[in-house]
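One structure below.
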Amino acid sequence: MSSASGSYYIPHQAKWPIFGSIGLFLMLGGFAAKLIGVGAGGFFMVLGALTIVGMMFGWFGEVINEGISGIYDAQAERSFRWGMIWFIASEVMFFAAFFGSLFYVRMYAVPWLGGEGTTGVGEYTGQFLWPDFAPAWPTNGPAHVGGEFEPMGAWGIPALNTLILLTSGATVTWAHWGLLKDNRPQLIKGLIATIALGFLFVSLQAYEYYHAYTELGLTLGAGIYGSTFFMLTGFHGMHVTIGAIFLTVVLLRALRGHFDSQHHFAFEAAAWYWHFVDVVWLGLFIFVYWL
Amino acid sequence: MATVADTHDTHHEHGPAKGWLRWVTTTNHKDIGTLYLTFAFVMFIVGGAMALIIRAELFEPGLQFVDPHFFNQMTTLHALIMVFGAVMPAFAGFANWMIPMMIGAPDMALPRLNNWSFWLLPFAAALLVATLFMEGGAAASGWTLYPPLVLQTGDALPFTIFTVHILGMSSILAAINIIVTIFNMRAPGMTMMRMPMFCWTWLVTAFLLILVMPVFAGAVTMLLTDKFFDTSFFNPAGGGDPVLYQHLFWFFGHPEVYIIILPAFGIISAVIPTFSRKKLFGHNSMVYATCVIAFLSFIVWAHHQFTVGMPVPAELYFMYATMLIAVPTGVKVFNWLATMWKGSMTFETPMLNALGFLVLFVLGGFTGIMMSQAPADFQYHDSYFIVAHFHYVLVGGAVFGIFAGLFYWLPKWTGVMYDEKLGKLHFWLSFISMNVLFMPQHFVGLAGMPRRIPDYAVQFTEFNALSSVGAFIFGVTQLLLGYIVWKAIRGEGEKVDGEVWEGAKDHGLEWNLASPPPYHHSFEGIEIKERD
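Protein sequences appear in the order of chains A and B.
According to numbering that gives the first Met the number 0, the first sequence is numbered sequentially starting from 0.
According to numbering that gives the first Met the number 0, the second sequence is numbered sequentially starting from 0.
Pasting the structure below:
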């Protein structure tokens with residue numbers, strides 16, 4: 000058994016995790032304080048966020064240097080890969096909570112508010128409060144929370160964004176092919192294209208949000224439609240941004256010649272993450288924008 | 000690759016770092032296991048103190064010591080602290096200590112991440128306990144944090160929500176580490192089906208954590224945005240539905256109860272064979288039963304919501320699906336019984352606790368089957384019967400499982416045998432007081448006493464008084480546990496060899512190492528035998 004685990008690298012002491020904990024504590028504690036109106040909250044929030052950024056630089060830098068020094072054997076690289084895969088799985092479930100909410104609201108909650116499915120159980124409370132509510136989607140509920148709004152159409156920017164993200168999935172794969180052939184120019188060009196498409200996507204999303212807020216009356220407060228729309232697309236946009244930053248770091252490392260066809264875990268992790276945000280977007284396009 | 004081999008050799012000569020910073024920066028699975036267990040014990044005492052406030056108030060009818068709002072804060076924090084602060088970290092401590100030693104690995108697969116998983120916990124706990132001192136007090140909605148009630152929480156609300164986020168992160172990172180360790184770090188010859196049950200149950204638990212903790216995080220995020228950012232997820236006026244929260248919560252919450260009990264199953268599956276001097280009966284069927292239980296746990300969540308209003312076909316579905324869980328659970332219980340059958344049994348403290356587990360968990364399981372029946376549940380729902388049920392599975396199951404594992408592996412960790420007399424005394428006091436504490440709650444519950452209430456009708460007085468007496472005995476008994484463990488850590492006791500228990504080497508790789516195992520252990524030269 001010695002051969003398998005004998006060379007497995009176990010770091011001695013790790014100074015960075017505690018900075019992560021302190022940073023998270025400050026950031027979330029500060030955010031919470033800000034929410035309840037404590038003036039200093041915002042300061043601690045920013046301080047915490049900066050601590051986390053510093054922690055990431057330090058921690059990842061350490062791991063990258065170790066990787067370059069050749070300390071990680073094939074088994075250690077497998078550990079990283081498995082770790083990334085199950086991290087993405089947990090992210091999938093985070094989105095599942097919001098998709099599940101959307102489905103539940105559309106299939107059950109809104110129809111029930113309008114009195115459907117009451118056979119044999121009498122009337123629901125909602126019908127006494129809002130007897131005239133006719134269930135439909137999109138809706139901001141029987142009380143028209145947030146006022147009049149127009150839903151976001153599917154075939155303008157969202158369709159274009161679908162095309163952009165799908166293309167970026169192809170370019171990142173092309174970059175991967177380049178990497179596997181040790182063709183660095185192809186890797187770098189592919190990464191640049193992917194990152195550019197990613198940031199283009201985010202910019203168009205930002206424009207779409209601006210359009211929604213200023214012209215459509217569609218806000219986070221626009222009832223359940225606004226809630227599900229902005230929370231789903233917002234968390235997705237956040238993940239696209241993170242993914243694009245991740246790819247940028249990979250690009251900078253590629254420019255420094257960190258990767259070859261055998262050792263490129265960071266590239267693969269970024270690519271998997273990118274495909275994950277891509278697939279989530281397809282779900283969004285179909286269920287949030289289109290149907 | 001010569002450089003790699005050199006680095007590795009120097010590592011093995013390293014002992015722990017000097018000074019208190021050792022514990023902050025450690026990447027060693029044994030250190031981190033100790034940290035988890037210590038943290039869990041502290042939280043067990045804190046959460047226990049809250050339980051004693053509850054029981055003191057309920058000793059007799061009327062309002063004695065605390066006002067109702069504070070009482071509700073106690074029930075909420077007691078549950079959150081016991082579940083996320085005591086039981087789950089205790090099992091994570093066992094996982095850290097034992098999984099690498101059981102599968103023949105040098106350490107956990109991702110040692111730095113391991114450090115972070117633990118060190119998130121004290122910060123989350125600090126945030127949660129701090130909410131008690133905020134304007135409006137801590138959350139008083141019960142640990143389920145149901146809206147709209149929880150949205151009436153004062154300043155504590157966002158802090159409570161972020162606590163859940165940090166706890167969830169910690170659990171997910173720990174779960175990722177355990178899965179990667181088991182998939183990638185097993186010694187050659189340690190096939191999946193040869194793995195001890197404890198590794199199997201933790202593997203399945205880790206998957207449950209990865210799949211459900213993010214859903215809980217999403218649900219509380221919606222609470223946050225509903226309160227502070229104008230969303231309408233749980234507001235019918237805007238087209239949302241508070242019942243949606245309940246679905247999200249219990250989609251997490253039901254697998255969560257298996258997250259709490261499965262590692263205990265693993266411990267019991269290690270202890271019973273050792274003290275019966277037989278192999279575990281039906282090892283493979285135990286593995287399959289664990290997987291089936293985990294799968295079923297995902298599709299039964301709405302049995303927590305029978306009375307909330309659901310279409311009748313949904314009630315029927317959730318009722319029958321829930322009853323199915325009794326089948327794989329029964330497989331486990333009968334396997335444990337069959338393991339003991341004709342064994343040469345001895346009754347050291349770990350075995351006593353394992354048997355206590357068996358009795359108490361089966362009792363709790365039976366009341367669970369009673370509640371799975373939707374029509375009957377309309378009577379039981381939100382009564383003290385429910386409180387009795389889940390304390391039988393949580394205290395009788397999970398906590399007695401932890402006791403069993405603690406006494407089983409403590410000599411391995413410390414190198415000395417704990418005080419057997421005191422260990423047995425701790426078991427009997429815990430076992431008897433636990434029943435005095437929770438058994439009467441079945442009766443008052445069936446008679447109609449609601450849960451989460453600081454005052455009650457006078458006819459429930461005797462049983463409540465009895466229950467409170469049991470609670471205080473149980474609570475004080477746990478200080479004895481601390482004393483026993485402290486003595487063992489100090490090295491007071493008979494020195495033990497690597498095997499510790501007679502014939503233990505047949506039951507797990509960990510018994511092949513010295514007691515205590517070296518800071519960086521190695522399995523060189525140890526052969527992994529066939530399981531027959």
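Here a beta-carbon is modelled for each residue, glycine too, at the ideal position from N, C-alpha and C.
This structure is a prediction, so every number in the text was calculated from the model and none was measured.
### Query
Under 7 angstroms between C-beta atoms, does A108/B make it to chain A?
On the second sequence, residue 108/B is found 109 positions in, with the first residue counted as 1. Judged by the 7 angstroms Cβ criterion, A108/B is in contact with chain A.
### Message
At the level of alpha carbons, what is the spacing between L299/A and Y288/A?
### Response
Because chain A in this structure spans residues 0 to 290, residue 299/A falls outside the shown range and cannot be described.
### Task
Just mark A503/B as buried or exposed, buried being the case when its beta carbon has 16 or more other beta carbons within 10 Å.
For the purposes of this step, residue 503/B is taken as residue 504 along the second sequence, with counting starting at 1. Result: buried.
### Query
Where Y8/A and F266/A are concerned, what is the direct C-alpha to C-alpha distance, given to the nearest angstrom?
For the purposes of this step, residue 8/A is taken as residue 9 along the first sequence, with counting starting at 1. For the purposes of this step, residue 266/A is taken as residue 267 along the first sequence, with counting starting at 1. Using only the alpha carbons, I get a separation of about 21 angstroms.
### Query
Taking the continuous alpha helix (DSSP H) assigned at H246/B, which residues delimit it?
Taking the first residue of the second sequence as position 1, residue 246/B is located at position 247. H246/B -> alpha helix (DSSP H) spans P241 to S275.
### Alpha carbon of G197/A to alpha carbon of Q204/A, nearest angstrom
Within the first sequence, residue 197/A is the residue found at index 198, counting from 1. Within the first sequence, residue 204/A is the residue found at index 205, counting from 1. If I take the Cα positions, the gap works out to 11 angstroms.
#### Entry: Opening and closing residue of the alpha helix (DSSP H) in which I472/B lies
Residue 472/B sits at position 473 when you count from the first residue of the second sequence. That run of the alpha helix (DSSP H) goes T460 to I488.
### Task
Using a Cβ-Cβ cut-off of 7 angstroms, state whether S467/B counts as contacting chain A.
Here residue 467/B is taken as the residue at index 468 of the second sequence, counted from 1. Taking Cβ atoms only, chain A never reaches closer than 7 angstroms to S467/B, which makes this a no.
### Distance, M100/B Cα to G497/B Cα
As a first step, residue 497/B is located in the second sequence; it is residue number 498 there, counting from the start. As a first step, residue 100/B is located in the second sequence; it is residue number 101 there, counting from the start. Roughly 13 angstroms between the two C-alpha positions.
#### Entry: Under the three-state DSSP convention, the category T230/B falls into
One-based indexing of the second sequence puts residue 230/B at position 231. In the structure shown, T230/B sits in coil (DSSP, three-state: anything other than H, G, I, E or B).
### Query
T162/B and L127/B: beta carbons closer than 7 angstroms?
If you number the second sequence from 1, residue 162/B lands on position 163. If you number the second sequence from 1, residue 127/B lands on position 128. Yes, the Cβ-Cβ distance between T162/B and L127/B is below 7 angstroms.
### Task
Could you pull the start and end residues of the alpha helix (DSSP H) that M189/B belongs to?
Locating residue 189/B in the second sequence gives position 190, where the first residue counts as 1. Looking at the DSSP string, M189/B is not in any alpha helix (DSSP H), and its letter there is neither H nor E.
#### Entry: When L362/B, Q72/B, H441/B and T328/B are compared against S284/B, the one with the closest alpha-carbon
Counting from 1 along the second sequence, the entry for residue 284/B is found at position 285. Selected option, being the one with the closest Cα: T328/B.
### Query
What residues from the stretch 179-196 of chain B come within 9 angstroms of chain A, judged by C-beta to C-beta, listed N to C?
V179, T180, F182, N183, M184, R185, A186, P187, G188 and M189
### Query
How many Å lie between S169/B and G114/A at the Cα?
Counting from one through the second sequence, the residue named residue 169/B turns up at place 170. Counting from one through the first sequence, the residue named residue 114/A turns up at place 115. Approximately 43 angstroms, taken between the alpha carbons.
### Query
Among L178/A, W176/A, T138/A and S89/A, which has the Cα closest to the Cα of G216/A?
Here residue 216/A is taken as the residue at index 217 of the first sequence, counted from 1. Looking at the Cα atoms, T138/A is the closest of the given residues.
### Task
Go through its chain and collect everything with a Cβ distance to G256/A's Cβ below 8 angstroms, but skip five positions before and after it.
Position 257 of the first sequence, counted from the start, is the residue given in the question as residue 256/A. Contacts found: R183.
### chain B residues whose Cβ lies nearer than 7 angstroms to that of F86/A
For the purposes of this step, residue 86/A is identified with residue 87 of the first sequence, where counting begins at 1. Going along chain B in sequence order, the residues near F86/A (Cβ under 7 angstroms) are I175.
### Task
Pull up the DSSP beta-bridge partners for Q185/A, would you.
Counting from one through the first sequence, the residue named residue 185/A turns up at place 186. Q185/A is not bridged to any residue.
### Query
For R21/B, is the beta carbon positioned less than 6 angstroms from some heavy atom of the ligand ATP?
Ligands are entirely absent from the displayed structure, and the ligand ATP is therefore not among its contents.
### Query
So what does DSSP say about V299/B, is it helix, strand or coil?
Translated into the one-based positions of the second sequence, residue 299/B becomes position 300. DSSP places V299/B in coil when its eight states are reduced to three.
### Query
Taking the alpha carbon of G395/B as the point to measure from, which residue in I260/B, V270/B and M309/B has its own alpha carbon closest?
Taking the first residue of the second sequence as position 1, residue 395/B is located at position 396. The residue with the shortest Cα to Cα distance from G395/B is I260/B.
### Query
Out of curiosity, what's the CA-to-CA distance linking L51/B and F473/B?
Within the second sequence, the letter at position 52 stands for residue 51/B. Within the second sequence, the letter at position 474 stands for residue 473/B. Answer to the nearest angstrom: the Cα atoms are 10 angstroms apart.
#### Entry: For H11/A and P539/B, the rounded distance between their alpha carbons
Nothing about residue 539/B can be reported from this structure: the residues present for chain B run from 0 to 531 only.
### Message
Just to confirm before moving on: does the CB-CB distance between A85/B and G46/B stay below 7 angstroms?
### Response
Start at 1 with the first residue of the second sequence, and residue 85/B comes out as number 86. Start at 1 with the first residue of the second sequence, and residue 46/B comes out as number 47. Going by C-beta atoms, A85/B is nearer than 7 angstroms to G46/B.
### Query
Q304/B to F122/B, Cα distance in whole Å?
On the second sequence, residue 304/B is found 305 positions in, with the first residue counted as 1. On the second sequence, residue 122/B is found 123 positions in, with the first residue counted as 1. Roughly 33 angstroms separates the two Cα atoms.
### Message
Which residues of the stretch 139-167 of chain A have a Cβ closer than 9 angstroms to any Cβ of chain B? Give them in chain order.
### Response
N139, G140, P141, A142, H143, V144 and G145
#### Entry: Identified DSSP bridge partners for K494/B
As a first step, residue 494/B must be located in the second sequence, where it is residue number 495. Bridge partners of K494/B: V415/B.
### Query
So is P195/B buried or exposed if we call it buried at 16+ other beta carbons inside 10 Å?
Translated into the one-based positions of the second sequence, residue 195/B becomes position 196. With 16 or more Cβ atoms within 10 Å of its Cβ, P195/B is classed as buried.
### Query
So which of H262/A, V37/A and A195/A has the shortest CA-CA distance to M133/B?
Locating residue 133/B in the second sequence gives position 134, counting from the first residue. Checked all of H262/A, V37/A and A195/A; the closest Cα to M133/B is V37/A.
### Task
Check distances from the C-beta atoms of the stretch 218-237 of chain A to those of chain B and list, in chain order, the residues that come in under 9 angstroms.
Listed in chain order, the positions of the stretch 218-237 of chain A with a beta carbon within less than 9 angstroms of a beta carbon of chain B are T218, L219, G220, A221, G222, I223, Y224, G225, S226, T227, F229, M230 and F234.
### Query
P165/B versus chain A: which residues are under 8 angstroms apart at the beta carbon?
Taking the first residue of the second sequence as 1, we reach residue 165/B at position 166. It should be pointed out that residue 165/B corresponds to Ile in this sequence rather than to Pro. Neighbours of I165/B on chain A, chain order: L23, F24 and L27.
### Message
Only counting the same chain, and skipping five residues up and downstream in sequence, which positions put a Cβ closer than 7 angstroms to that of L25/A?
### Response
The residue labelled residue 25/A in the question sits at position 26 within the first sequence. F43, L46, G47 and T50.
### Task
Could you tell me whether the Cβ of L243/B comes closer than 7 angstroms to any Cβ of chain A?
Mapped onto the second sequence, residue 243/B falls at position 244. L243/B counts as touching chain A.
### Query
Between I67/A, A243/A and V249/A, which lies nearest to D277/A when the distance is taken from Cα to Cα?
As a first step, residue 277/A must be located in the first sequence, where it is residue number 278. Of I67/A, A243/A and V249/A, the residue nearest in Cα terms is A243/A.
### Query
Applying a beta-carbon distance threshold of less than 8 angstroms, which residues of chain B neighbour I244/A?
In the first sequence, the residue the question calls residue 244/A occupies position 245. None at all; the shortest Cβ gap to chain B is about 19 angstroms.
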